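Undergrad: Pasting a structure here, questions to come.
In our numbering, the protein residues as written are 97 to 257.
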């Protein structure tokens, strides 16, 4: 979903929650926006509409989104932990506000953390990270219940093919 369309669909309380996050960290508004639009552009080019479903392409998108948020915000903060916390906060807020089922939210949160983890351990170009995430897509684990996430640490997960 386009960022502007997502914002237009928010009710007052949702808009207030997002605004509050950015008021606390205004230096990340532009970088988070750029990371989000870059993610959507890459995923649209690679996977068309498939990344909007709950398959491997969606797992890729969530991991890439978090990686790019961390990467873009790192140029401002210079702290791995600060950008990881920011990425986790803003993408968790997105999940809280989205109309997904419980299992889909858990899947997205898990894949978000994979992207954050990759940022902390990988020194690579965005193109290199895309290749790495595409390789991880091949190994992605299909889940059918939330409790199965406990046993899956560093793999992308998805719900449907």
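Beta carbons: idealized from backbone N, C-alpha and C, even for Gly. This one's a predicted model, so the numbers in the text were calculated from it and none came from an experiment.
Given a cut-off of 9 Å, decide if residue 176 and residue 135 are closer than it, judged by their beta-carbon atoms.
TA: Going by C-beta atoms, residue 135 is not nearer than 9 Å to residue 176.
Undergrad: I'd like to check one pair, residue 241 with residue 199: are the Cβ atoms closer than 9 Å?
TA: Cβ atoms of residue 199 and residue 241: closer than 9 Å.
Undergrad: I'd like to check one pair, residue 166 with residue 188: are the Cβ atoms closer than 9 Å?
TA: Contact flag unset, no.
Undergrad: Using only alpha-carbon positions, find the residue among 245, 237 and 137 that is nearest to residue 226.
TA: When each option's Cα is compared against that of residue 226, the closest is 137.
Undergrad: Please list the terminal residues of the continuous alpha helix (DSSP H) segment that includes residue 124.
TA: Per DSSP, residue 124 belongs to no alpha helix (DSSP H) and is neither H nor E.
Undergrad: Would you please state the rounded distance, in angstroms, between the beta carbons of residue 254 and residue 150? I believe it to be under 8 Å.
TA: That pair is a contact at about 6 Å.
Undergrad: Out of 207, 251, 202 and 203, state which residue places its alpha-carbon closest to the alpha-carbon of residue 235.
TA: Looking at the Cα atoms, 251 is the closest of the given residues.
Undergrad: When the Cα atoms are used, what is the spatial distance from residue 174 to residue 214?
TA: One C-alpha to the other measures close to 16 Å.
Undergrad: Output needed for residue 208: all residues of its chain with C-beta closer than 6 Å, excluding positions within five of it in sequence on either side, in chain order.
TA: These residues qualify, in order along the chain: 158, 162 and 187.
Undergrad: For residue 179, count neighbouring Cβ atoms within 10 angstroms of its own Cβ and tell me buried if that reaches 16, exposed if not.
TA: By the 10 Å Cβ count, residue 179 comes out buried.
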